[in-house]
Structures are given as C-alpha cells and as structure tokens.
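Single-structure report; data block below.
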C-alpha cells in the first residue's frame, strides 16, 4: 500500500511481522501439524514450527489453541466488481444479426482486473468467510471478459490484482434481441470465434516471419483476447450449472480442444463419467437449492392436516418424496465427486459467502469428508488456478494467507477469529454461542416401538426401532430377528431424532445416519449411507409402554 | 391468326358461364325428406331399424316403416342415421383466420363485458362453417373470450343466412374464474405473486357481483339506470339463467364450487381440465361440465400422458354430467375424434356420443328440441356409413334445421379441382 | 441392515449407464405384423437381437429373452415424425435472415417429458427442427426417443442424414421485414436471401480452394455459416423447407435447380396439392399436417385432402406434428387421411413410417418391419388407424421405452429441487408458440419485443 497522503484516521501498522503462537496448524488437508507457531514476514509464511521465538519486531498473536488453515480460494465469482446498474437498455442496431461484439455480449477483452474496486463490500464479506483469494470475472452475456486473481485485502485495485489475465469466462446465455440470442446461437458463434482466433494466431505467427505478399493480420481485440486460450496458456471457465450445460461445455471442449473448467456446477451426476474422461476441472457452487423451513408454530395442527392430506393424496406425497430425493442428491454432489476421485474447487458465483460453511456442512452431512471439503477450499482451486506454488497450504515460503478459527472449522460452532491476507491481519468479532452436543430430551410421545420401512428402488427393508424413555435407541431388522443394534450419537430435538448405526458387513464397517421426523403415530425421514446415498424411511408406532 | 384468336375469344365467352356454374357451391334444399331403410341411433339404446320423416325443419316421425308420397326419398340402406353433433365450446363463426387480428371477433376490450353478444358477430358465411358441418357437427356454442366476463355465448346451427336463422335457443354469460395456474412458459410469477393476483381478482369480482345483485334488486322495482354490463348479469343473479364458468385447475375448481354455492348460481363449468381430481365434489354439487379439448396435453409435467384423454370418462363415471367441446375454430370438425378419444380412454362409446348430443342439449335446456332423433325435434341429422367417431366413416347426407345441406366445403372443392390437375406439369 | 448396503450398491451401479445408447433383445409373439413394405403378416413373431430385427416368422424360439405376447395386437414400425420441436431448448435463432450455422442438436434436452408422451403414442423417432423465423434457419437433429438417457448424445440417431431448416412466406417476412425493416419483407426478398447465401458459400469454398492450392497465402476467415451452406451444395445436408403457397414452392425449386440441389422436403406445404405434379417431377418430398389450416392467411386456401392429392400424384408424403400435442397421436392424424381422400390402410400408415424415414434419409434403417432394420416397434390394441387404438408398448432399438403396464403418472427425469408440485398451466399450448400458429415461432418473442417500433 502506498499512502502518500497524511491521513490521521488510520493508525499505520507498526510491523508486518507476526507470530501466531500456540495454534493447531492444519498445513494442508492431509497434513495436520498439530500445535505449533507460525511466523509471518513480509506477507509470506516464514516459518512453521513447534516453537518459534518471537523476533524483536514481531507482533505476537496468542491463538489459545485455535486452528489455523490455509485461507480459502474462491474458484470463480464476481467479487470486487460492481454490479451493472439498473436495466440494460435494449440495443438499437439496424441489423440484429450483425451487431457489434460489445452489443452482442462478446467482450473477452474486457479485463476484470480493470474493473475491480477495493471498495466493493463483496471483498470484505468474502474475507470474513475465510477467503483470501478470489478469481473474479466480469458479468455479462456470452463472453463477459477475462478473469483476474485478486487478493481479498484492503487497498487500491492495483494492489489487489495478483494475476491480470487468468482466464476467459464464458456463459451459455444469449444477448437479448441480437445475435447470438439463444443457446444454439451461442454454441455456433463460439465455434466461429474460436476457429478465427486460431486463424488469427497462425496469421500473426506467419506475418512475423514473412510479410512478403501477405495481408497484415486483422486487428480484432476479441479474437486477440482468445489467443491465449488457443495456445493453452489459459483455461476457459464456462458457467455450467446443470447437466445439459455441462454436456454442452464438454462437447465444445471435445471439438475445439482447449482447457476447460466447469464453473458454478450445481448438479453434475448424469455427466460425471464424461467429465472424468474429458479432463475438465470442476468448480462446485457453494449454493444449494432452497429448502422449505418447517413451520414450528402450529406443528400440532399441521401434523393433523398433513395426516389427512396424506390419506387423501398419495400423489402429492409421491411428488414431495421425489423433490426431497432430488434435494438430497444436490447436497450429495460434493460427496459424489470425492468418491469418483474428481478433484474439485468451489465457486462462489451468485452465492452468499456467509452461507458457505452452512452449505458445506450440509454436504458433509451427505458424506463428503472434511479433508475433501478443505481441499476444495484450498489446494484444489490453487491447482486449478495455477497458483499452488504460492498458496493453498501453510507451507514455508508461501503467501501468508491464513485463516484462524476458534475451533476446527467444520465444527458447527466454530467461528473465524483472524484472517491474514498476504500478511495483512484482519480480526473478526466472534459471537459467543451456547454449547451444544447434548442429546436433548426425549419427548414422551416418541417412547415405544416403531416399525420402519426403508424404500430402496427394487427392494426394501423393514424392522423395528425401539426408543426408551432414557433416550436409548435400538434397531432390529426383520431379516435378523433378535439382533438389536444400539444407536450412537443420538440427538432428540422435539419431533426430530438423529442417530447413527454402525453396521459391519463382510468386514466392512458402514455408518448409517438416520434423520427421522415424527408426527403423531408415524414418522418419516431419510437414512444415508455414506458412500451409497440416501433412502427414504417411514414407519408407524407399534406399541407404547404401558 | 387474327381470326383464330377472335374465334377463341368467342368460344371462351360461351364456355365461361358454364365453368362458373360448375364451380358454384350447391345450395341447400328444403322440403319433405324421407330417410328410408336406415338404422337410427337412439342415443340411449343403440341402433334400431327405422325410417325418419323430416318436414318443416322438424323430425315429423320416426317409425319402422313410413310412407309419404310427397317426400323426397333418401335411400339409407346400409347406412346409419345419427342426431347431429353439438360442440359445446368453440369460436366458430367468430373468427376466420387465426393470425389476422381483424378477422377475430371474439375478444372485446375490457374486463367486464358480459353484454357482448356472440350472436351479433357470428358470420354465417364463414368458410369454416361448411368445413365443420360436413363432418356431422350441426350445432356449436360460439363463445367469446378475453376478460373476466367476456360476453354472452350463443348456440348456433351451422346453416342459415343470418345469425338469427342460425340461433339454436341458448345463450349464456361467460365467466373466467380467477385462475392460479401459470399462464405460459414465460410466466415467472412466484407462488406469492400468483396469490396476490388471485386476491386482487377476487376482490374485483366481489365488487362486480355485489353491484349486479343491487342492480337486480332495483330492476325488480323497475328503478334501474342504463348499465348494460350489470343488466347482462340480472338473469344470472336471479337464477333464471346459467353462468358458464371457465375453470381448470383443481384448487380453482374447488374455489369455484364454493363461490357457486355461496352465491347460489346456476353454474355450468367449462374447461375443467383437472376435473378428474375433484370429480366427487362436482358430482356432489350437481355441477354440469363442458370439457375439452380431449386431444390435448396434460397440464402438469408430472401428469399421466392420458390425463386429458381420460378426464371426461373419469368425471362421467363419478356421476358428473359431462359434455365435450373442442374449443376450436377451423377444426371444430374434429369433435367426433375428441369424443372418440374420450370413448377409447374410459368413457365408452355411448357416453361419449351422449356427450356430443343429448347431454349438451340438456345442459343448455334445449333437450326437447335437440340431441336425439325423436318426433318433434329439430331435424339436425346426418347419415353415415359407420361409426362417426371412426375416421374411415364417410358422411353421406346431412340435414340441419330440416335443410338438406350439400356435403361441400372449401376442402372438398379444392380436392375436386386439384386431384387430377389439368394441365399437369408445365411444358 | 446389511441388506440395505447390498441393495444400495446395486442401485448405484445400475443408475448411470454410460456410453453408447442401449440396445436390447426382445421377442414379440403372435401379433398382426404390419410391415408396411411387405404386407400384413397375421399371427407372426418378430425377434429383435442387439437392437436389430433379426427374424420375422411363425413360432420363433429365442430362448430366455424378454417376450411380449402380442396376440390380438397390432405390431407396426415405430412411428416417425418428420417435423417436431420437442426435446430441444431453443428453436429459433431469429436474429438474422440466415443462421445456417446454428444447430438445434446443440440444444438437445433428453429430459423433456414430451419425449415420453410421444413414446406413449408409439413415436420412436422425431426430427427436432429449427423454427421458421428466418429464411435460412438452423440445422436440425433426428432423434431417437430413448427416454431415460441422461446424455444428450444418446438421444441422437447416430449417422442420420444432416438436415437444415429453410422457411418461406409469412414467418420470415413478418419477423424480419414487417417487424425489423430488413430484407425479406416479401416473397421476392425471401428468394434473394437464398441466392445470396448460395453465392457466398460458393465464393467461400473457392477461397479455401485457392488457399489450399497455394494460390493465396493467408487462410480465409473461417465462416461456419458459409461452410454449412456449402454442405447443402455438396449434397451432404438436406433442406427441409417450411412453406405454404404454391408460388413460393415453385420459386424454391427453381432456385435449387439453378444451384444443382436436387433433394428437398417441403414442410407443411399446405398448397402442395396445387403443384403436386411439379413436386413429383422435381422429386421433392412433402411433409404435411393432416388437417391444420386457416390459422394464418397463407393457409386459408387449404384442404385436408392435401396428403391424398400429393400421394396420388406420386409425391413421397408424410404427416407430421409440429406440435407436442399432435405428436402423441400421429396414428390418428394419419387415419384422417382416410377420411379426406380415401387412402388405403397401407398408404395411410406409410405417411407416418417409411415416408418420413425417406424424407430424413434413414429409410434403410427404420420405417418398416424388415429383417436387418432397427428394432423400433409400436404395438397397438385395436388397429392403429382406428380412433379406439391404444398403444401398449413402444420399443426403441429393442429396448421397451413405453409399457402401458408400467406407466405411472409421474415420469419426469429432471426434478426441480425447489418445487414440490409441478406447476399447472392454464393453457396447454396445442400448437407451438401460441394457439393457432404453426411452425414454431418459439424464442422469437423477445426478439420482436426488443425491436417493436
């Protein structure tokens, strides 16, 4: 930062050397160092060790056994760039089929780096959610521009930009009223543009060696901006949230052969194998579909209604069920990618940074491992963005991009206490929250024996769940009468009951999570088996204690 | 050369009038017609061997053997005689060419226009009319469209030189019940927006209805001022005339039933796409239904593919009085096939045939004149070589209002002219 | 609990098959087989192996494979629709009078429920077409209705001939001339759009020839539009042209003659009956509606006898849907050709089987029940030309894709995680775009709004 002017509103930092004392150091998703100290100097991680003596100029931060992680990296968003204001004017052109590139939404030459403003509040909210770097791109239509990597710190735009030309950003959205206006227009236009960028690149190369009898290469800023893509010096980041867009993006990659990063992916399941074969990278969206909140106020009245509805309307029930299954499968995307060994990062495009943790925890509930979640926030995006040599882990010599959390980050109650972005320190307010983890109280209505049915396509499974008034839960399958398994991690929360069951099958230990919602004499919910997904379960009361 | 040319011209002048007359549309004939040796569809009990005598526009007699020396004999040996079919919801006569807006006379500007009279705008010479009737459809309800109360529909026979000649004795005010479905693919209203729109519409409806009730009270005392919008509603408020209520989605149908009960309206529901989901309620409150087109897609992506095919049959089986409409203009001629699909998908032939003959006549309160071939009824009759729902079947004779109508239309005339074009390929 | 795990892992394996579209083995026993090309065979079996018809005969034994008892049922080739717009996310790139480079195959949507509904009506193949907003629209895609596949590629009929949409008359005139004041505003202008496009493509081809032969040094600018039109000139891409009036049909045949293009299917072609001898002489094909007319001025002088007149004049004719509603009962649409012009059963059924196959350049593979052809079959209760016909099974490549015995309400593949009950639509649009419109001006809406003066 270069503040040439006198400004007494700011008290300058005394030092850029920090020692973080007594902190659990998670160097990388697979390397937990344990308790130790971290020394930061000139924006870099100088040293990581069990015990570091503070240098004379160091500001010592007592971390009180908090947890230090490499700060997160956002795979792609519009962070730091002001949203375009108001409604777009409808373009006025004589020939809508031949509109100038900028009217047609084709501006790959537009640099995000030149649009970033340090004053944008999005930078702060990203940072407060644990991110130190964003890959940011302009918004627009088909080819909004060239993406940049920015540090999420305070300061002038120029200071923030780490890499000016990091990517070409593409969307499958047409321009209103001018060519290309539809997905088919966009696909065709892209082929045309790309091949002409290749042609221009060739032409320029030839022209350099021999101008004799040759026309000069055309000046076309859009095509010029695409040349690094044709040379594989850059990747195309294509926004492809749903399977159809993913297939389309893969098709174009296959035809034209550039490096592709699928961005803002929300649901990839049907395209998984093709993605795997294509070598394209994935940035998963951190946003999840909206879930209806349970109306707790009139639970009793509602459950009566519901019961009546159910009896009358099995069709509605079936539709609800399919929706729930779909919702679950959206939440399971990260787990599935991990299982398929497809490394992925996260993209915060259109997502609220403050919801990142909440949503990742939902993904973890569906079986995503914490290691994979952390990799998706740190090492994977670093690799995808080509900056893994400078950041992504807490290794000596890398950027001092550090996030310090009061508890392990993936604990529900953890809070971010400090952020370091290239050595600059930011301290967050941490709100105290009540401790959790108690089993909760068993509602009297739940005590007793409950029959259950698990719906698995093609077959099912049934049995009995026993709930004691002490809150002990046992499960007995009909296929193995007399063999009761006791549940662990039991949590009662009014009509909602959570527990886990460990099942051993052929020497393989599997954990089954139950999430049941009781209403009167029946319940429904889901079981999830880490690697296999989740299945609906429902049941009704068999007996109550006398 | 010159001579030759002039001779040619003279010849042409002589031939031209002949060519014109041969192209001219044959006229309908009135008179006494005796349909001999055919089998008559009784609608209720199947076919019987009988002769039918048509005189003065009416069915004079139906009996095993009739002899009438003055009658033109129509030989119906091996043929079947059916009552003309009634399409209880169309724009026929009110619209000519779909994309040419100035040929569209069914949609007036304004939300509350119940006084718009469909009969006023029926074009007796619409090219669509002959195309329709040659398939055995002899009467249709011409229905205005548009706002909340778009106008007054009229039942017409598909023959006549003036709307009055065509009028078949039923008129009904049309009411588009406030709907909560999506209006199209581009309707991006949220559930909340839709609810708000519905509330707004219902509030306006209530205001209108309250005013109509007041107008009716004043009218009873002979104290009204000129207010054609409200006057049109007076017979409805007084329960003297039925109201045609267009309503389709399940929740809207239930809401409309409540509205009808609350306001004690003589209701006929039209559309009723999701009637099968609430058939018991419709039956319970005795609300007759005009549904269709049967040949249409399900309204929800999660619906069974035959939702529209089977809707009529499901309602009918639950005890609802069901008539079938096409909701068409130029292709009202497909009424028998709409009925045929309903028949195939659960309704059965007889109930489906009733749904295009006697049931609409009952719903419109004209079953003393229409809907079957019985003595004294209007002579709307067609004679065919088979089941009119089957596409192979050809219609051989057609009578509307006792007129023997030629089986000609633009389509048959173009066929005759171009089947073997002469000259063929240009030299 | 152990059982759950076992079953769960099975489910996981079977859910997402990947790669080439699935083919199957199936034996259809004792049906009345309507072969289309080889007469009707009573009480006959049809055996499909690896997705192809391997045997037709009596008392076939195929061992332990899936068998359908078709006693009392009618077995016919899968119905083919030569004109539809289902299963695509975009229909019109309406912004230019010539958008030859766009391709609806880029916008395939295998999750469109209309595919299943078409299957329920016995339709196994449809020609997903670009719309008619521009004189030269985009390229089309012939798809097989393999309902259940997730990958758009598996919907494509591999190896089917490439086709492109042209359009004459009111639609291109309205969209460009009337609403945007650019050529064409008349049928005269429409003709010139074609001539310009062909000339440009010829010049483009020459430029590349010159470059490749060393005559020029710099490679010409790549132009996918010209490349596509060049594909028409070389016979690689067949034109399917939206058309109504007799004069414009003659015009296009003249233009094509000038450029040596000899293959074309006229779509809609409501006034085809007026120039049936000329169509037959040119060798042009016609794909018509059974009875649509009067929805716009250029179809006011139409006749439902069109298919019959064309057929009797020797024009290879099909009946198409151009509608997600009609596509569900093309057998009924064909049946109406019996009323209007008295075609024989086989002539009527050809309109929805082998004739559209010819028009799509796939008649060697589908369109009739013959040994060696692909196992695309529809099995009806009642004769398919009866109004009481109800489809029981639809088979694509030997795989049962519709089975009336296993046909629950909700057949969606693509579920919205935020919507509990799918929305109710007040008007299920019967014809594409809006009621009483043809030829799909879908997607044109926004374009016109933005340019309305």
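Chains as they are written, first to last, in the numbering used here: chain A, 1 to 546; chain B, 547 to 973; chain C, 974 to 1426.
Glycine residues also receive a C-beta, built at the ideal position from the N, C-alpha and C atoms.
Since the model is a prediction, treat every value here as computed from it, not as a measurement.
If you pair each beta-carbon of the stretch 345-353 of chain A with each one of the stretch 64-83 of chain A, do three or more pairs fall below 8 Å?
-> yes
C-alpha gap between residue 941 of chain B and residue 1315 of chain C, whole angstroms | For the purposes of this step, residue 941 of chain B is identified with residue 395 of the second chain, where counting begins at 1. For the purposes of this step, residue 1315 of chain C is identified with residue 342 of the third chain, where counting begins at 1. Distance between the alpha carbons of residue 941 of chain B and residue 1315 of chain C is about 13 Å.
Hey, out of C/1078, C/1113, C/1054, C/1108, whose CA is closest to residue 1098 of chain C's CA?
-> Position 125 of the third chain holds residue 1098 of chain C. Cα-wise, what sits closest to residue 1098 of chain C is C/1054.
At a Cβ cut of 8 Å, what residues of the stretch 1257-1284 of chain C count as close to chain B, listed as they run along the chain?
-> 1264, 1265, 1266, 1267, 1268, 1269, 1270, 1273, 1274, 1275, 1276, 1277, 1278, 1281, 1282
Strand pairing of residue 371 of chain A, partner residues [DSSP] = As a working mapping, residue 371 of chain A is identified with position 371 in the first chain. Beta-bridge pairing links residue 371 of chain A to no other residue.
Using DSSP bridges, identify the partner residues of residue 24 of chain A.
-> Numbered from its first residue, the first chain carries residue 24 of chain A at position 24. Paired residue(s): A/35, A/67.
Span separating the alpha-carbon of residue 606 of chain B from that of residue 1304 of chain C = Numbered from its first residue, the second chain carries residue 606 of chain B at position 60. Numbered from its first residue, the third chain carries residue 1304 of chain C at position 331. Roughly 41 Å separates the two Cα atoms.
For residue 1080 of chain C and chain A, any beta-carbon pair shorter than 8 Å?
-> Numbered from 1 along the third chain, position 107 holds the residue referred to as residue 1080 of chain C. Yes, because at least one Cβ of chain A sits closer than 8 Å to the Cβ of residue 1080 of chain C.
Cβ neighbours of residue 1275 of chain C in the same chain (closer than 6 Å, five flanking residues each side left out) | Your numbering for residue 1275 of chain C matches position 302 in the third chain. Only 1243, 1266 meet the Cβ criterion.
Between the stretch 906-935 of chain B and chain C, which residues of the former have a C-beta closer than 7 Å to a C-beta of the latter?
-> 935
Could you tell me which residues DSSP pairs with residue 492 of chain A in its beta bridges?
-> Counted from its first residue, the first chain places residue 492 of chain A at position 492. According to DSSP, which records beta bridges pairwise, residue 492 of chain A is partnered with A/497.
When you compare only the Cα positions, how much space is there between residue 268 of chain A and residue 389 of chain A?
-> One-based indexing of the first chain puts residue 268 of chain A at position 268. One-based indexing of the first chain puts residue 389 of chain A at position 389. Near 29 Å, if we compare the C-alpha coordinates of residue 389 of chain A and residue 268 of chain A.
Please check if any C-beta of chain C sits within less than 8 Å of the C-beta of residue 319 of chain A.
-> Position 319 of the first chain, counting from 1, holds the residue named residue 319 of chain A. So, interface residue.
Just tell me which of B/765, B/744, B/853 has its CA closest to the CA of residue 801 of chain B.
-> For the purposes of this step, residue 801 of chain B is taken as the residue at position 255 of the second chain. The shortest Cα separation from residue 801 of chain B among B/765, B/744, B/853 belongs to B/744.
Quick one: is residue 409 of chain A buried, meaning 16 or more other Cβ sit within 10 Å of its Cβ, or exposed?
-> Here residue 409 of chain A corresponds to residue number 409 of the first chain, with the count starting at 1. When all chains shown are included, residue 409 of chain A counts as buried.
Please list the residues of the stretch 835-848 of chain B that have a C-beta atom closer than 9 Å to any C-beta atom in chain C, keeping them in chain order.
-> 839, 841, 842, 843, 844, 845, 846, 847, 848
Go ahead and pull the three-state DSSP assignment for residue 1375 of chain C.
-> On the third chain, residue 1375 of chain C is found 402 positions in, with the first residue counted as 1. Residue state, collapsed to three classes: strand.
The ligand SAM heavy atoms versus the CB of residue 1370 of chain C: any closer than 7 Å?
-> As far as ligands go, the structure on display features none, and thus does not contain the ligand SAM.
Where residue 552 of chain A and residue 218 of chain A are concerned, what is the direct C-alpha to C-alpha distance, given to the nearest angstrom?
-> Limits of chain A in this structure are 1 at one end and 546 at the other, which puts residue 552 of chain A out of reach.
Spell out whether any CB of chain C is found under 8 Å from the CB atom of residue 327 of chain A.
-> Indexing the first chain from 1 puts residue 327 of chain A at position 327. Cβ-Cβ to chain C under 8 Å: yes for residue 327 of chain A.
Cα separation between residue 1030 of chain C and residue 1013 of chain C?
-> Taking the first residue of the third chain as 1, we reach residue 1030 of chain C at position 57. Taking the first residue of the third chain as 1, we reach residue 1013 of chain C at position 40. In a straight line, the C-alpha of residue 1030 of chain C is about 12 Å away from that of residue 1013 of chain C.
Check the Cβ-Cβ distances between residue 1099 of chain C and every residue of chain B, and say whether any is below 8 Å.
-> Translated into the one-based positions of the third chain, residue 1099 of chain C becomes position 126. No, residue 1099 of chain C does not count as interfacial toward chain B.
Using a C-beta to C-beta distance shorter than 8 Å, which residues of chain C count as neighbours of residue 803 of chain B?
-> Taking the first residue of the second chain as position 1, residue 803 of chain B is located at position 257. What residue 803 of chain B touches in chain C: nothing, since even the nearest Cβ is about 17 Å away.
Between which two residues does the alpha helix (DSSP H) carrying residue 649 of chain B extend?
-> In the second chain, residue 649 of chain B corresponds to position 103, counting from 1. Note, residue 649 of chain B: premise wrong, no alpha helix (DSSP H); not H, not E.
Can the beta-carbon of residue 1391 of chain C be found less than 8 Å from the beta-carbon of residue 180 of chain A?
-> Within the third chain, residue 1391 of chain C is the residue found at index 418, counting from 1. Within the first chain, residue 180 of chain A is the residue found at index 180, counting from 1. No. Outside cutoff.
Measure the CB-CB distance between residue 815 of chain B and residue 791 of chain B and report whether it falls below 8 Å.
-> On the second chain, residue 815 of chain B is found 269 positions in, with the first residue counted as 1. On the second chain, residue 791 of chain B is found 245 positions in, with the first residue counted as 1. In contact: residue 815 of chain B and residue 791 of chain B (Cβ atoms closer than 8 Å).
State buried or exposed for residue 592 of chain B, treating a residue as buried only when at least 16 other CB atoms are found within 10 Å of its CB.
-> For the purposes of this step, residue 592 of chain B is taken as residue 46 along the second chain, with counting starting at 1. Residue 592 of chain B should be labelled exposed.
Chain-ordered neighbours of residue 1393 of chain C on chain A, where CB pairs are closer than 7 Å | If you number the third chain from 1, residue 1393 of chain C lands on position 420. Here the neighbours are 319, 320, 323.
For residue 705 of chain B, the nearest candidate out of B/722, B/716, B/686 (CA to CA) = The residue you call residue 705 of chain B lines up with position 159 of the second chain. Of the listed residues, the one whose Cα sits closest to residue 705 of chain B is B/686.
Using a C-beta to C-beta distance shorter than 9 Å, which residues of chain C count as neighbours of residue 903 of chain B?
-> For the purposes of this step, residue 903 of chain B is taken as residue 357 along the second chain, with counting starting at 1. The premise fails here: residue 903 of chain B is roughly 17 Å from chain C at the closest Cβ pair, so nothing lies under 9 Å.
For residue 449 of chain A, go through chain C and note every residue whose CB falls closer than 7 Å to its CB, in chain order.
-> Position 449 of the first chain, counted from the start, is the residue given in the question as residue 449 of chain A. By Cβ distance, chain C contributes nothing, its closest Cβ being about 17 Å from residue 449 of chain A, past 7 Å.
Within its chain, find whatever has a CB closer than 6 Å to the CB of residue 1386 of chain C; leave out the 5 residues flanking it on each side and keep chain order.
-> One-based indexing of the third chain puts residue 1386 of chain C at position 413. The residues are 1084.
Alpha carbon to alpha carbon, how far is residue 292 of chain A from residue 736 of chain B? Give it in angstroms, no decimals.
-> Residue 736 of chain B sits at position 190 when you count from the first residue of the second chain. Residue 292 of chain A sits at position 292 when you count from the first residue of the first chain. Their backbone Cα atoms lie some 15 Å apart in a straight line.
Check the Cβ-Cβ distances between residue 1373 of chain C and every residue of chain B, and say whether any is below 8 Å.
-> Translated into the one-based positions of the third chain, residue 1373 of chain C becomes position 400. Chain B, which has no Cβ nearer than 8 Å to the Cβ of residue 1373 of chain C, makes this no.
N-terminal and C-terminal residue of the beta strand (DSSP E) that residue 264 of chain A is part of = The residue labelled residue 264 of chain A in the question sits at position 264 within the first chain. Segment 260-265, the beta strand (DSSP E) holding residue 264 of chain A.
Just checking my contact of residue 1340 of chain C with residue 999 of chain C at CB under 8 Å: how many whole Å lie between their CB atoms?
-> As a position in the third chain, residue 1340 of chain C is number 367, starting the count at 1. As a position in the third chain, residue 999 of chain C is number 26, starting the count at 1. The Cβ separation is near 19 Å, so there is no contact.
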